[in-house]
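Under this note's numbering, the letters of the sequence shown match residues 30 to 331, in that order.
Shown next, in C-alpha cells, is the structure this report addresses.
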Amino acid sequence: MSDVKKLIEGAYDLHVHSAPDVLPRKMDDLEMAERCTNGPLAGYVIKNHWTQTGERAKLINKLYPKCDAIGSITLNSSVGGINAPAVEMAARDNCKLVWFPTCDSEHEMAHQFNGEPNKKLAFWASIVIEMKNAGIKVPTINILDEFGQLKPEVYDVLDVIARYDLILATGHISHEEAYKLVPEAAKRNVKNILITHATFPTTFYSVEDQKKFIDYGAKIEQCYTTWKTDKVAFDIVADQIRQVGPDNCILATDLGNTKLCYPDEGLAEFAERLLQKGFSEDEIRTMVVINPKILLGKNDIE
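Structure follows, in C-alpha cells:
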C-alpha cells in the first residue's frame with residue numbers, strides 16, 4: 030500500500046463529506062487537512078448536501094497552507110434549489126463545484142420513499158423524515174418543466190457557472206434531466222462538467238450514455254463508496270472505466286461515513302484494485318491527479 034500511496038501523491042478527491050455537518054461524519058475538516066498535509070492528497074472538495082462550504086475551505090487553507098481545501102454548493106432546498114444568486118455568492122466565496130440536486134432531487138426522493146416495505150434508506154433520509162415530522166415542507170426538485178424542457182432558472186445557474194468557470198456536477202438528477210442539462214451546459218460555455226457517481230444505483234449510466242456525455246466535454250466520476258458498500262460490483266466499475274477510457278474519468282471517494290475509511294485510504298485502495306485489474310500507473314494518475322486538476326483549473330498539470 031505504501032507504493033500505492035506514492036502513486037496517488039498529489040491527488041485531489043473531489044467528493045468528500047467532512048464535518049461540521051448535520052449528520053455524523055468520520056472526520057472534520059481539521060483532521061482531513063492534517064491528513065492531506067501529512068499524506069498523499071494535495072486537496073479535497075468539501076461536499077455538504079445542505080450548505081455551501083466555501084468559507085470552511087478558506088479557513089482550512091489559512092490554517093493548513095499545504096492542504097488545498099475547495100468549497101462547493103449543492104442545489105437542494107436549503108439553499109433555495111436552482112438558485113442563481115446562491116451560486117453567485119458561492120462562487121465569490123471560494124466555491125468551485127456546483128452539484129445539482131442530490132437528496133432533494135425529485136428522482137432521488139421517489140427512489141428513497143417508494144413505499145417498499147423494510148427498505149433501507151439512505152444515510153441522509155433521516156433528516157427528511159425529521160423535518161416532515163416537524164411540519165417542515167421538503168419540496169422536491171425537478172429541473173424540467175411539464176413539457177420536459179429546462180426551467181428558466183436552470184439557464185441562469187448555468188450562466189453563473191460558465192462565467193466563474195465552475196465545475197457542474199450532475200448530482201442525483203434523473204437521466205431525462207441530465208440528457209437536457211449537459212448539452213445545454215456545453216452550449217452555454219460550461220467547460221467543466223462532471224457526471225456524478227456514474228455507477229450509483231439511482232444515477233447509473235450505461236457506457237453508451239457516458240460516451241454521449243463525454244462528447245459534450247464531460248468527465249465521468251467513479252466513486253469508491255459505490256462499490257465498497259456493494260451498490261455495484263467492482264468489475265462493472267473497472268469495465269466502464271476501460272470502455273470510456275481513463276482520460277475521460279476521475280476517481281473520487283464520496284467518503285465521510287463513520288463506518289468506513291478515510292478518503293486518502295479509500296483512494297489508495299481504489300488505485301490498488303485498479304492496478305490488479307491491469308490499469309497502468311499512468312492511467313491511475315490521470316484519474317486521481319491530472320483530470321481533477323484540469324477540472325479545478327490548476328496550472329501545474331503534469
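Ideal placement from N, C-alpha and C gives every residue a C-beta, glycine not left out.
### Query
Cβ of residue 286 within 8 Å of Cβ of residue 255?
The residue given as residue 286 occupies position 257 in the sequence shown. The residue given as residue 255 occupies position 226 in the sequence shown. For residue 286 and residue 255, no; Cβs fall outside 8 Å.
### Query
Where does the unbroken alpha helix (DSSP H) through residue 44 begin, and where does it stop?
Within the sequence shown, the letter at position 15 stands for residue 44. First-last for residue 44: 40-45, but that is the beta strand (DSSP E), not the alpha helix (DSSP H).
### Message
Using a 10 Å radius around the Cβ and a threshold of 16 neighbouring Cβ atoms, would you call residue 247 buried or exposed?
### Response
Working through the sequence shown from its first residue, we reach residue 247 at position 218. It counts as buried.
### Query
Where do the N-terminal and C-terminal ends of the beta strand (DSSP E) with residue 251 fall, by residue?
For this step, residue 251 is matched to residue 222 along the sequence shown. Boundaries of the beta strand (DSSP E) around residue 251: 248-252.
#### Entry: Chain-order list of residues whose beta-carbon lies under 7 Å from that of residue 214 (same chain, five-residue window excluded)
Reading the sequence shown from its first residue, position 185 is the one you call residue 214. Here the set comprises 187, 197, 222.
### Query
On the three-state DSSP scale, how would you describe residue 83?
Here residue 83 refers to the residue found at position 54 when the sequence shown is read from its first residue. Residue 83 carries a helical assignment under DSSP once its states are collapsed to helix, strand and coil.
### Query
From what residue to what residue does the beta strand (DSSP E) around residue 101 run?
Position 72 of the sequence shown, counted from the first residue, corresponds to residue 101. Per DSSP, residue 101 belongs to the beta strand (DSSP E) from 97-103.
#### Entry: Endpoints, the beta strand (DSSP E) within which residue 290 is located
One-based indexing of the sequence shown puts residue 290 at position 261. Looking at the DSSP string, residue 290 is not in any beta strand (DSSP E), and its letter there is neither H nor E.
### Query
Do residue 189 and residue 133 come within 8 Å of each other at the CB atom, strictly closer than that value?
Position 104 of the sequence shown holds residue 133. Position 160 of the sequence shown holds residue 189. No, the Cβ-Cβ distance between residue 133 and residue 189 is not below 8 Å.
### Task
Please classify residue 243: is it buried, with 16 or more other beta-carbons within 10 angstroms of its beta-carbon, or exposed?
In the sequence shown, counting from the first residue as 1, residue 243 sits at position 214. By the neighbour-count rule (16 or more Cβ atoms within 10 Å), residue 243 is buried.
### Task
Please report the Cβ distance between residue 41 and residue 304, rounded to the nearest whole angstrom; I am assuming they are in contact, meaning their Cβ atoms lie under 8 Å.
The residue you call residue 41 lines up with position 12 of the sequence shown. The residue you call residue 304 lines up with position 275 of the sequence shown. Wrong, their Cβ atoms sit about 20 Å apart, outside the cutoff.
### Task
Report all residues from its chain with a CB closer than 6 Å to the CB of residue 281; omit the five preceding and five following residues, and keep chain order.
As a working mapping, residue 281 is identified with position 252 in the sequence shown. Around residue 281, the same chain offers 42, 43, 44, 250, 252 as residues with beta carbons nearer than 6 Å, after the five sequence neighbours per side are excluded.
### Query
Residues in its own chain within less than 7 Å of residue 193 by CB, not counting five upstream and five downstream?
For the purposes of this step, residue 193 is taken as residue 164 along the sequence shown, with counting starting at 1. Cβ within range, chain order: 120.
### Query
Ordered along the chain, which non-local residues of its own chain (more than five positions away) have a Cβ less than 7 Å from that of residue 312?
In the sequence shown, the residue the question calls residue 312 occupies position 283. Here the set comprises 275.
### Query
According to the Cβ coordinates, are residue 169 and residue 199 closer than 8 Å?
The residue given as residue 169 occupies position 140 in the sequence shown. The residue given as residue 199 occupies position 170 in the sequence shown. Going by C-beta atoms, residue 169 is not nearer than 8 Å to residue 199.
### Task
Give me whichever residues DSSP pairs with residue 72 in a beta bridge.
Here residue 72 refers to the residue found at position 43 when the sequence shown is read from its first residue. In the DSSP secondary-structure assignment, residue 72 is bridged to 41, 97.
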